[in-house]
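S.K.: Going by the UniProt record's numbering, the first residue of the sequence shown is number 1, and it counts up by one from there.
Glycine is no exception: its CB is placed at the ideal position from the N, C-alpha and C atoms.
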Amino acid sequence: MSEQKEMLEQRNTTFPVSVTEENEKRTVEGYAMLFGVKSDGLDFEEVIERGALDGVIEKSDVFALLNHNRDRGILARSVNGKGSLTLTVDSKGLKYRFEAPRTMLGDELLENLRRNEINQSSFAFTVADGGEKWERMKNGKWKRTISQFARIYDVSPVYNAAYSKTTVSMRGKEQAEKELEERKEVSEEYYNNIINSLN
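What follows is the structure in structure tokens.
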């Protein structure tokens, strides 16, 4: 799947964001993404495989934003894995860590974290060509498995985990539906030919 602007997607995780204030440092950390956890709030099931981030951080320009809003300014940044934003891929998922800047935006973030107004994280991404698999489950619901991201664009502490602004690439799902229908037609033709040959 080619990287296009309309293919940019966002997901949230309910894993808590924490802040540690010590020795004049204001450290914010959390998980932007969790491996192997079924998504909530979508009309399909989605799971991110371990390994989906292999080689991705090293080629991504990632911003730490508040609510995905770059117009407000940035909190930290990682360019090809280096910078004021530390991104770590571990067995759980993608962990982020940064020192909140002494700016209005940094102060706003800390105050909202202290008040627990902000307690979740989100990330923006594109999926690599061939990096997803769609399949229909027995209950009729679709399942999407992401095996490889193309790039990560931002990690964001967010006010809530609403999916109302989430955009999802449905190209892979539409292709899976088409292939499923084609297989069904081939199977029907195959069995019809067998039946006709017996008559």
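1. State the start and end residues of the unbroken alpha helix (DSSP H) segment that holds D54.
2. Would you call the region 75-82 and the region 43-60 touching, i.e. three or more CB-CB distances under 8 Å?
3. Per DSSP, S18 is paired with what?
4. Would you please state the rounded distance, in angstroms, between the beta carbons of G36 and R50? I believe it to be under 8 Å.
5. Is it buried or exposed, A162, if we count other Cβ atoms within 10 angstroms and call 16 or more buried?
6. Using DSSP with H/G/I as helix, E/B as strand and the rest coil, what is G83?
7. Where does the unbroken beta strand (DSSP E) through E45 begin, and where does it stop?
8. Tell me the rounded alpha-carbon separation between K165 and L75.
9. Could you round the C-beta distance between residue 235 and E99 to whole angstroms and report it? I think they count as a contact, below 8 Å.
10. On the CB-based measure, 16 or more other CB atoms within 10 Å of its CB, does T103 come out buried or exposed?
11. With a CB to CB cut of under 6 Å and the five nearest residues on each side skipped, what residues in its chain are close to K95?
M.R.: Let me spell this out:
1. Counting along the chain, D54 falls outside any alpha helix (DSSP H), and DSSP gives it neither H nor E.
2. yes
3. E29
4. 7 Å
5. In this prediction, A162 scores a pLDDT of 43, lower than 50, which makes its location untrustworthy; no coordinate-derived value is stated.
6. strand
7. E45 to I48
8. Confidence is the limiting factor: at K165 the pLDDT is only 33, short of 50, which leaves the residue's position unreliable and the question unanswerable from this model.
9. No statement about residue 235 is possible, as the shown extent of the chain runs from 1 to 199 and does not include it.
10. exposed
11. Y31 and T88
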